[in-house]
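Structure first, commentary second.
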Amino acid sequence: MKEKVVNYIKQNLSHLERDTTTGGYSHLPKFQLTPRDFVAFAEKDLDAESIGPYQLVNATSNLKRAVDCQLDLLLSFLGLDGLYRQKHLGVDRKLGFFKEAGVFNARSLEKLNKFRNRLEHHYEVPNVQDVDAYFDVVSAFVTIGENLVSNLMSAYEVHLDNLLNTGLISKINFETPSIAIYLGDDVLEVNLDKSAKPKIEDIQLFAFLLRIHILLIHFFNGAITPEALISDLEKAI
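Numbering (the numbering used here), first residue to last: 82 to 318.
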């Protein structure tokens, strides 16, 4: 399926014109504390006049919470939190999903995991340089997640069309949850509703189609070139 989608886009993208996008209202989960709150707590510790073991350990703990909270918030926003709980999929699987979707690149996730393992899996006081670096990575992680929500809420449908009836439409349904891409007359859809008993492979395919949807939003808004869009997709197959 991946090759079919990418080949269609490569063959038709240069002929497609921006048509419409459709957005809606935010339906973020109402967490009492947000990822930004945990980042702010960590920043307060790192800005203390005297930084000792308490501040360093506390900042590290809050940065971990910021990552966990952002992952759960994004999965809930996409309607996938229940599925991940049902399948007992942990942090690594959650990060892997957003890597496949192109939200977080592999290099950034390697840094994030490196710091998580070094700072959280040893009973020792982290040094201030490591915590500062971890803070920067997590802050960027949270901001990227916020931008994803903004982009998807502004365009949960993307339409590109031309006169030859070889259009391209991508749609996300957050309630089901499902995602579909229309390649002319062909429709490729992934439904992750728990009643459909989706497999891990279905989650991975959903992530791939989400990657396409995000890239189409950027392309529609003029943020990336056709060449950049195709290059990104070719790396994902």
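Just so you know, even glycine gets a beta-carbon here, dropped at the ideal spot from N, CA and C.
- [ ] Within the same chain, show all residues whose beta-carbon is closer than 8 Å to that of I311, passing over the 5 residues directly before and after it, in chain order.
- [x] The beta carbon of I311 is closer than 8 Å to those of V87, I90, K91, L94 in its chain, skipping five residues each way along the sequence.
Open item on the list: Is it the case that the region 247–266 contacts the region 279–297, given that we only count it when at least three CB pairs across the two stretches are under 8 Å?
Closed with: Contact holds between the region 279–297 and the region 247–266, because three or more Cβ pairs, one in each stretch, are under 8 Å apart.
TODO: For the beta strand (DSSP E) containing A261, list its first residue and its last residue.
DONE: Run containing A261: 259–264, per the beta strand (DSSP E) assignment.
TODO: Starting from the C-beta of I250, find all residues in its chain whose C-beta is less than 6 Å away, skip the five residues before and the five after it, and write them out in chain order.
DONE: Hits under 6 Å: H240, Y263.
Task: Distance, R99 Cα to T306 Cα - done: Between T306 and R99, the C-alpha separation is close to 13 Å.
Task: Residue burial classification, Q40 (beta-carbon count within 10 angstroms, cutoff 16) - done: Lying before the first or after the last residue shown, residue 40 is absent from the chain, which here runs from 82 to 318.
Task: From S231, V268, L269, D266, residue whose alpha carbon lies closest to that of H299 - done: Comparing Cα-Cα distances from H299 to each of S231, V268, L269, D266, the minimum goes to S231.
TODO: Using three-state DSSP, classify K252 as helix, strand or coil.
DONE: Three-state DSSP puts K252 in a strand.
- [ ] Would you check if the distance between the CB atom of P116 and the CB atom of A147 is smaller than 8 Å?
- [x] Yes; because the gap between Cβ atoms is below 8 Å, this pair is in contact.
TODO: Could you pull out every residue in the same chain whose Cβ sits closer than 6 Å to the Cβ of D126, ignoring the five residues on either side in sequence?
DONE: Closer than 6 Å at Cβ, skipping near neighbours: Q136, N139, A140.
- [ ] Can you tell me which of D267, K278, E124, G265 puts its alpha carbon nearest to the alpha carbon of V219?
- [x] That would be E124, whose Cα lies nearest to the Cα of V219.
- [ ] Report the option in I295, S276, I318 whose CA atom is closest to the CA atom of Q167.
- [x] Here the closest residue by C-alpha is S276.
Open item on the list: Does R188 pass the burial test, meaning 16 or more other C-beta atoms within 10 Å, or should it be called exposed?
Closed with: Exposed, by the Cβ-count rule.
TODO: Could you work out which residue in G133, G265, Q285, L193 is closest to D149 when comparing CA atoms only?
DONE: Comparing C-alpha distances from D149 to each of G133, G265, Q285, L193 shows the shortest one belongs to L193.
- [ ] Look at the alpha carbon of E315 and the alpha carbon of Q113, and state the distance between them as a whole number of angstroms.
- [x] If you take the alpha carbons of E315 and Q113, they lie about 40 Å apart.
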